[in-house]
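Start counting the sequence shown at 180; every next residue gets the next number (the numbering used here).
Worksheet: one structure, shown below.
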Amino acid sequence: MRVYDPQTPASPESFAGRSELQEYVREALDTGARLGKGSSMLLHGYRGSGKTSALRKIQSIVLSTAPDAVVVEVPLRVPSSEAMLIHAIAEQIRRTLAARPGLSTKVRRALDSLSAVNVLGTGVERTVSGVPGSTHPLTVWNDALGALQGVPILAICIDDAELLRAEEIGILKTMAETASPIPILLAIAGGPELKEKMSQKDASPILRVFSGAVFDIGQFTETETREALDAPLKRAKISIQWDPSAVGTLHHLTHGYPYLVQCFAAATFDQRHSPTSADVRLQTPAALQLAASWLERELPDASDEDIRAFARIAGLGRSDLGASDIRSLRIDYRYITRLVAEGVLKRLARGHYELRKAPAIAYFHALRRGLVLEPVDG
180 MRVYDPQTPA SPESFAGRSE LQEYVREALD TGARLGKGSS MLLHGYRGSG
230 KTSALRKIQS IVLSTAPDAV VVEVPLRVPS SEAMLIHAIA EQIRRTLAAR
280 PGLSTKVRRA LDSLSAVNVL GTGVERTVSG VPGSTHPLTV WNDALGALQG
330 VPILAICIDD AELLRAEEIG ILKTMAETAS PIPILLAIAG GPELKEKMSQ
380 KDASPILRVF SGAVFDIGQF TETETREALD APLKRAKISI QWDPSAVGTL
430 HHLTHGYPYL VQCFAAATFD QRHSPTSADV RLQTPAALQL AASWLERELP
480 DASDEDIRAF ARIAGLGRSD LGASDIRSLR IDYRYITRLV AEGVLKRLAR
530 GHYELRKAPA IAYFHALRRG LVLEPVDG
């Protein structure tokens, strides 16, 4: 039995950490049930930080709290128009409801209306005889809401939302704020590019939708690393536990980066004895081999000093970097220039940068090369 799998999102039962996010979801569901109000949340983080796992956990919390809720997940693969986005959400609603028995005539009519929709260009069109032709995307959305008779809440989870343009993020704002017969819980997750889009001046009205509900899906604390190691064992009903020294060593080597935590766990754990610190260190080459499927393709030509500079920046634990940070980290400016050229950093303005590549890349290469990383006072 494969207890740890770094190549797939964590199941809701194996989900660890992110307690603030989980508490917000539960409070939002309570508010929706009592007051009929919807909520929105924005999740941002680097690749491999667990954004998809967090979205799946949100869905699980919704369904465990309200079993009759409608939960839809829309993973984006390519940039889409407003019409395509609304159609994708509406189609997921239609499929979810169509599988339920005992639908009312009104709901069936709404589902029939949705099933007649095709996306053409930047608009939508009805394709069934007797159904009106061209229509506005929001009409499709209203039809979807009309099919939700008797549903306690609609949860919409959108992954890879950095692919959304400002227009699509704006339509999500409209959807979240438009009067709805049921509460809507909107959760969108994306990488650093999404956070950058939200910080632009023309996006400020959109960002207000997520006021108080912006979550950085970042690195685990040591306590969260322990949870991430223990939860899969509990789910699999395995009694063997990690030795505390192993947890500490694993957290130190991975810096609590979720993808690396899973790689080290998968390489180290076996069901014959409790893993120790020595086991973690012994299996480091195997863990790095698991991680290599993604990480060895990143920055293959970087120098050791590039990696050290990258790791020191990552050690700050935040994505923004100002001139004072560069001075405090004692990074030679030429390495900042090199990291910009490699796409690790993006220059936002004079003396200000944003970290765009996942910290796991720096930690992987540092371990591979045996580099000693100095601790960073953040």
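A virtual CB, placed ideally from N, CA and C, is assigned to each residue, including glycine.
Next item on the list: Report the residue from 287, 246 and 372 whose alpha carbon sits nearest the alpha carbon of residue 332.
Entry: As a position in the sequence shown, residue 332 is number 153, starting the count at 1. Ranking 287, 246 and 372 by Cα distance to residue 332 puts 246 first.
Item checked: When 401, 288, 416 and 492 are compared against residue 536, the one with the closest alpha-carbon -> In the sequence shown, counting from the first residue as 1, residue 536 sits at position 357. Looking at 401, 288, 416 and 492, the one whose alpha-carbon comes closest to that of residue 536 is 492.
Check: Is there contact here, the stretch 325-344 with the stretch 246-256, by at least three beta-carbon pairs under 8 angstroms?
Finding: yes
Checklist line | Reduced DSSP secondary structure (H/G/I, E/B, other) of residue 308 | finding: The residue labelled residue 308 in the question sits at position 129 within the sequence shown. Legend: pLDDT at residue 308 = 48, less than 50; position of this residue unreliable, no value from coordinates given.
Check: Buried or exposed: which applies to residue 501, given that a residue is buried once 16 or more other Cβ atoms fall within 10 Å of its Cβ?
Finding: Taking the sequence shown and counting its residues from 1, one reaches residue 501 at position 322. Residue 501 comes out exposed.
Check: Who are the Cβ neighbours of residue 241 in its own chain at under 8 angstroms, not counting the five residues just before and after it?
Finding: As a position in the sequence shown, residue 241 is number 62, starting the count at 1. Hits under 8 angstroms: 204, 208, 248, 250, 332, 334 and 364.
Next item on the list: Return the CA-CA distance between residue 369 and residue 544, expressed in angstroms with no decimal places.
Entry: Counting from one through the sequence shown, the residue named residue 369 turns up at place 190. Counting from one through the sequence shown, the residue named residue 544 turns up at place 365. Computed Cα separation, rounded: 24 angstroms.
Notebook entry, point to check: With which residues is residue 525 paired in a DSSP beta bridge?
Noted result: Numbered from 1 along the sequence shown, position 346 holds the residue referred to as residue 525. In the DSSP output, where bridge partners are listed per residue, residue 525 has 533.
Check: Where residue 308 and residue 291 are concerned, what is the direct C-alpha to C-alpha distance, given to the nearest angstrom?
Finding: The residue labelled residue 308 in the question sits at position 129 within the sequence shown. The residue labelled residue 291 in the question sits at position 112 within the sequence shown. Only weak support is given to the placement of residue 308: the predicted model assigns it a pLDDT of 48, under 50, and the value that follows is read from those uncertain coordinates. Taking the straight line from one Cα to the other gives about 12 angstroms.
Notebook entry, point to check: Using the beta-carbon count (16 or more within 10 Å), is residue 551 buried or exposed?
Noted result: For this step, residue 551 is matched to residue 372 along the sequence shown. By the 16-neighbour rule on beta-carbons within 10 angstroms, residue 551 is exposed.
Notebook entry, point to check: Using DSSP with H/G/I as helix, E/B as strand and the rest coil, what is residue 449?
Noted result: One-based indexing of the sequence shown puts residue 449 at position 270. Coil.
Checklist line | Endpoints, the alpha helix (DSSP H) within which residue 394 is located | finding: Working through the sequence shown from its first residue, we reach residue 394 at position 215. Here residue 394 belongs to no alpha helix (DSSP H); instead the beta strand (DSSP E) covers 393-395.
Check: Which two residues bound the contiguous beta strand (DSSP E) that contains residue 221?
Finding: If you number the sequence shown from 1, residue 221 lands on position 42. Note, residue 221: beta strand (DSSP E), 218-223.
Checklist line | Residues bridged to residue 499 (per DSSP) | finding: By 1-based counting over the sequence shown, the position of residue 499 is 320. Looking at the DSSP assignment, residue 499 forms a beta bridge with 533.
Checklist line | Own chain residues within Cβ distance below 7 angstroms of residue 526, not counting five before or after | finding: Along the sequence shown, read from residue 1 onward, the residue named residue 526 stands at position 347. Around residue 526: 519 and 532.
Notebook entry, point to check: What residues are listed by DSSP as bridge partners for residue 252?
Noted result: What you label residue 252 is simply residue 73 of the sequence shown in a count that begins at 1. Per DSSP, 336.
Check: If we call anything under 8 angstroms between Cβ atoms a contact, is residue 269 one with residue 233?
Finding: Translated into the one-based positions of the sequence shown, residue 269 becomes position 90. Translated into the one-based positions of the sequence shown, residue 233 becomes position 54. Not in contact: residue 269 and residue 233 (Cβ atoms no closer than 8 angstroms).
Checklist line | Helix, strand or coil at residue 361 [DSSP, three-state] | finding: Within the sequence shown, residue 361 is the residue found at index 182, counting from 1. In the structure shown, residue 361 sits in coil (DSSP, three-state: anything other than H, G, I, E or B).
Margin query: On the CB-based measure, 16 or more other CB atoms within 10 Å of its CB, does residue 187 come out buried or exposed?
Written below: If you number the sequence shown from 1, residue 187 lands on position 8. The residue in question, residue 187, is exposed, as its Cβ has fewer than 16 Cβ neighbours within 10 Å.
Check: Taking one C-beta from the stretch 438-450 and one from the stretch 476-488 each time, how about it: are there three or more such pairs within less than 8 angstroms?
Finding: no
Next item on the list: Buried or exposed for residue 362, please, with buried defined as at least 16 other CB atoms from any protein chain shown within 10 angstroms of its CB.
Entry: For this step, residue 362 is matched to residue 183 along the sequence shown. That one is buried.
Check: What does residue 490 pair with, by DSSP beta-bridge criteria?
Finding: Your numbering for residue 490 matches position 311 in the sequence shown. Paired residue(s): none; residue 490 is not in a bridge.
Next item on the list: Rounded to whole angstroms, what's the CA-CA distance from residue 239 to residue 401? Just pull it up for me.
Entry: Position 60 of the sequence shown, counted from the first residue, corresponds to residue 239. Position 222 of the sequence shown, counted from the first residue, corresponds to residue 401. Approximately 25 angstroms between the Cα atoms of the pair.
Next item on the list: Throw me the rounded Cβ distance for the residue 195 and residue 466 pair, which I believe falls under 8 angstroms.
Entry: Position 16 of the sequence shown, counted from the first residue, corresponds to residue 195. Position 287 of the sequence shown, counted from the first residue, corresponds to residue 466. At roughly 18 angstroms, the Cβ-Cβ gap does not stay under 8 angstroms, so residue 195 and residue 466 are not in contact.
Notebook entry, point to check: Less than 8 angstroms separating the beta-carbons of residue 230 and residue 396?
Noted result: The count along the sequence shown starts at 1 and reaches residue 230 at position 51. The count along the sequence shown starts at 1 and reaches residue 396 at position 217. Yes, they are a contact pair.
Next item on the list: Give every residue of the same chain whose Cβ lies closer than 6 angstroms to the Cβ of residue 462, excluding the five residues on either side of it in the sequence, and list them in chain order.
Entry: The residue you call residue 462 lines up with position 283 of the sequence shown. Counting only Cβ-Cβ distances below 6 angstroms, and skipping sequence neighbours, we find 446 and 447.
Check: DSSP on residue 369, reduced to helix/strand/coil?
Finding: As a working note, residue 369 is residue 190 in the sequence shown. Residue 369 falls in the strand class under three-state DSSP.
Check: Assuming residue 432 contacts residue 546 under a Cβ cut-off of 8 angstroms, what Cβ separation, rounded to an integer in Å, is found between them?
Finding: For the purposes of this step, residue 432 is identified with residue 253 of the sequence shown, where counting begins at 1. For the purposes of this step, residue 546 is identified with residue 367 of the sequence shown, where counting begins at 1. Indeed, because the Cβ distance is near 7 angstroms, the residues count as touching under 8 angstroms.
Margin query: Within a Cβ cutoff of 6 angstroms, which residues of the same chain sit near residue 189, ignoring the five residues on either side of it in sequence?
Written below: The residue you call residue 189 lines up with position 10 of the sequence shown. So the qualifying residues of the chain are 232.
Item checked: Beta carbon proximity, residue 458 to chain C, threshold 8 angstroms -> Of the chains in the structure shown, none is chain C; there is only one protein chain.
Check: Do you know offhand how far residue 534's Cα is from residue 425's?
Finding: Taking the sequence shown and counting its residues from 1, one reaches residue 534 at position 355. Taking the sequence shown and counting its residues from 1, one reaches residue 425 at position 246. In a straight line, the C-alpha of residue 534 is about 30 angstroms away from that of residue 425.
Next item on the list: Grab the span of the alpha helix (DSSP H) containing residue 209 for me, first residue to last.
Entry: By one-based count along the sequence shown, residue 209 stands at place 30. From DSSP, the alpha helix (DSSP H) with residue 209 extends over 198-214.
Next item on the list: Grab the span of the alpha helix (DSSP H) containing residue 186 for me, first residue to last.
Entry: In the sequence shown, residue 186 corresponds to position 7, counting from 1. Segment: none, residue 186 is in no alpha helix (DSSP H) and carries neither H nor E.
Notebook entry, point to check: How is the alpha helix (DSSP H) around residue 271 delimited, first residue to last?
Noted result: To locate residue 271, count along the sequence shown from 1; it is residue 92. Element bounds for residue 271: 261-277.
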